[in-house]
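**Student:**
In the UniProt record's numbering, the protein residues as written are 1 to 337.
1) From what residue to what residue does the alpha helix (DSSP H) around residue 162 run?
2) May I ask you to list the residues that DSSP assigns as paired with residue 189?
3) How about residue 7 and residue 121: do their beta carbons lie closer than 8 Å?
4) Would you kindly report the start and end of the unbroken alpha helix (DSSP H) that includes residue 133?
5) Hey, is the stretch 249-264 in contact with the stretch 182-196, meaning 3+ C-beta pairs nearer than 8 Å?
6) Compare the Cα-Cα distances from residue 279 to each of 45, 182, 62, 93 and report the closest residue.
7) Compare the Cα-Cα distances from residue 64 to each of 43, 99, 21 and report the closest residue.
8) Can you give me the Cβ contacts of residue 301 inside the same chain, cut-off strictly under 8 Å, excluding the 5 residues immediately before and after it?
9) Which complete beta strand (DSSP E) runs does the stretch 169-214 hold, if anything under 3 residues is left out?
10) Would you identify the three-state DSSP class for residue 7, choosing helix, strand or coil?
11) Under 8 Å between the Cβ atoms of residue 51 and residue 85?
12) Touch check for the stretch 169-186 and the stretch 310-327: three-plus C-beta pairs under 8 Å?
13) With residue 265 and residue 131 assumed to form a contact (beta carbons below 8 Å), what rounded beta-carbon distance in angstroms separates them?
14) Which residues in the same chain as residue 133 place their Cβ atom closer than 7 Å to its Cβ, once the five residues preceding and following it in sequence are excluded?
15) From what residue to what residue does the alpha helix (DSSP H) around residue 310 run?
16) Over what stretch of residues does the alpha helix (DSSP H) that includes residue 76 continue unbroken?
17) Exposed or buried, residue 295, counting other C-beta atoms within 10 Å across all chains shown (16 or more means buried)?
18) Among the candidates 41, 136, 46, 282, whose CA atom is the shortest distance from the CA of residue 200?
19) Would you check if there are 3 or more beta carbon pairs closer than 8 Å linking the stretch 265-276 to the stretch 302-309?
20) At a cut of 8 Å, does the stretch 228-235 reach the stretch 154-166 through at least three beta carbon pairs?
21) Considering only residues of the same chain and omitting the five flanking positions on each side of residue 207, which have a CB-CB separation below 8 Å?
22) With DSSP as the reference, identify every bridge partner of residue 317, one or two as the case may be.
23) Mapping the DSSP letters down to three states, classify residue 139 as helix, strand or coil.
24) So residue 122 is in the beta strand (DSSP E); what residue range does that whole segment cover?
25) Is it the case that the stretch 277-293 contacts the stretch 320-331, given that we only count it when at least three CB pairs across the two stretches are under 8 Å?
26) Which of the three DSSP states is assigned to residue 100 in this structure?
In structure tokens:
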């Protein structure tokens, strides 16, 4: 019987909410050439000289607000997902968890699989929609590490699972708990990316951002596009809930810097909704498989406060996949097929 290694990889988290640990995390994260895809000299100058020194204290303060006895929510839920998948798959599988940035590292997780003498490895980046800065970075890091081994086992990479039925069902059921008929509008808020990264994923060179709503429908030209896959996820969840197209908006949060990022920005949509007299918004964040700083704080606290200041009443987050056993169904499916 073959022994199969499964490597789950999420984005990462500081080891603690202290400023030194946050600095270490931000430095590793933002110096990744796939995250800030500009020349190395400029990237180092920007990250080491400006972003990390000025952003670390503020980011550390935010992490301290979501840190509890379980530590980082993202790492906490990721460990549960790893443990439950291991139980589900049984003794012929070795399930390791890694973070792209900080701990547990991809290198240490791969070394554990190597020592376990696995016959092959399935790498599952825990990002539903493909982006060079997330899934692409994980794949490149794994290839870089394993490429130094003298014996390289067969390796399978999961590129995305933006339309997996289990994920769609979980988000839909999580939304139903809040009685969707009580909300004026629905937002699907995905993590943002610079527009230039979308353009780089357009292999045709003549489709991306050439017309309005080019990401609205997934097709042969934009099948690798993060924004198009995000729209696909939103459309499937909305369809599952019977939400009409005019009643939901796909938007993007967590913008960094002044250059154009994928639009519309979530903060701008909040202003638009308030100006239209909308009072209650239900917000999905299907770029994440575990609740984290971007969901637990950015949406639940920051966006809720902003919306109230503009005249709205409430922004309600639909929780992520977290401990749902159907997400383990999804991971099992990806592991075996």
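Don't be surprised by glycine CBs; every beta carbon is placed ideally from N, CA and C.
**Tutor:** In this structure, then:
1) Residue mapping note: residue 162 aligns to position 162 of the chain shown, counting from 1. That residue, residue 162, is in no alpha helix (DSSP H); it is neither H nor E in DSSP.
2) Indexing the chain shown from 1 puts residue 189 at position 189. DSSP, once it has assigned bridges, lists 251 as partnering residue 189.
3) Translated into the one-based positions of the chain shown, residue 7 becomes position 7. Translated into the one-based positions of the chain shown, residue 121 becomes position 121. Yes, Cβ-Cβ distance for residue 7 and residue 121 is below 8 Å.
4) By one-based count along the chain shown, residue 133 stands at place 133. In the DSSP assignment, residue 133 falls outside any alpha helix (DSSP H) and carries neither an H nor an E.
5) The stretch 249-264 is in contact with the stretch 182-196.
6) Position 279 of the chain shown, counted from the first residue, corresponds to residue 279. Of 45, 182, 62, 93, the residue nearest in Cα terms is 182.
7) Numbered from 1 along the chain shown, position 64 holds the residue referred to as residue 64. Closest by alpha carbon: 21.
8) The count along the chain shown starts at 1 and reaches residue 301 at position 301. Only residues of its own chain outside the window of five on either side were considered, and among them 65 have a CB closer than 8 Å to the CB of residue 301, listed in chain order.
9) Counting only runs of at least 3 residues, the stretch 169-214 fully encloses the following beta strand (DSSP E) elements, listed from N- to C-terminal order: 185-191.
10) Reading the chain shown from its first residue, position 7 is the one you call residue 7. Strand, per DSSP.
11) Within the chain shown, residue 51 is the residue found at index 51, counting from 1. Within the chain shown, residue 85 is the residue found at index 85, counting from 1. Result no, Cβ atoms of residue 51 and residue 85 do not sit closer than 8 Å.
12) Segments in contact, yes.
13) By one-based count along the chain shown, residue 265 stands at place 265. By one-based count along the chain shown, residue 131 stands at place 131. In fact, because the Cβ distance is near 17 Å, the residues do not count as touching under 8 Å.
14) The sequence position of residue 133 within the chain shown is 133, counting from 1. 34, 35, 193, 197, listed in sequence order.
15) Locating residue 310 in the chain shown gives position 310, where the first residue counts as 1. First-last for residue 310: undefined, no H or E at that position.
16) To locate residue 76, count along the chain shown from 1; it is residue 76. Note, residue 76: alpha helix (DSSP H), 73-89.
17) Sequence index remark: in the chain shown, residue 295 carries index 295 (1-based). Residue burial annotation: residue 295 is buried, with at least 16 other C-beta atoms found within 10 angstroms of its C-beta.
18) As a working mapping, residue 200 is identified with position 200 in the chain shown. The shortest Cα separation from residue 200 among 41, 136, 46, 282 belongs to 136.
19) By the Cβ criterion, the stretch 265-276 is in contact with the stretch 302-309, since at least three pairs of Cβ atoms, one from each stretch, lie closer than 8 Å.
20) Yes, they touch.
21) Taking the chain shown and counting its residues from 1, one reaches residue 207 at position 207. Once the five neighbours on either side are set aside, the close Cβ partners of residue 207 are 214, 221, 222.
22) Taking the chain shown and counting its residues from 1, the one referred to as residue 317 is at position 317. Residue 317 is bridged to 283.
23) Looking up residue 139 in the chain shown gives position 139. Note: residue 139 maps to helix in three-state DSSP.
24) Counting from one through the chain shown, the residue named residue 122 turns up at place 122. Unbroken beta strand (DSSP E) run through residue 122: 120-125.
25) These segments touch.
26) In the chain shown, counting from the first residue as 1, residue 100 sits at position 100. When DSSP states are grouped into helix, strand and coil, residue 100 belongs to the strand group.
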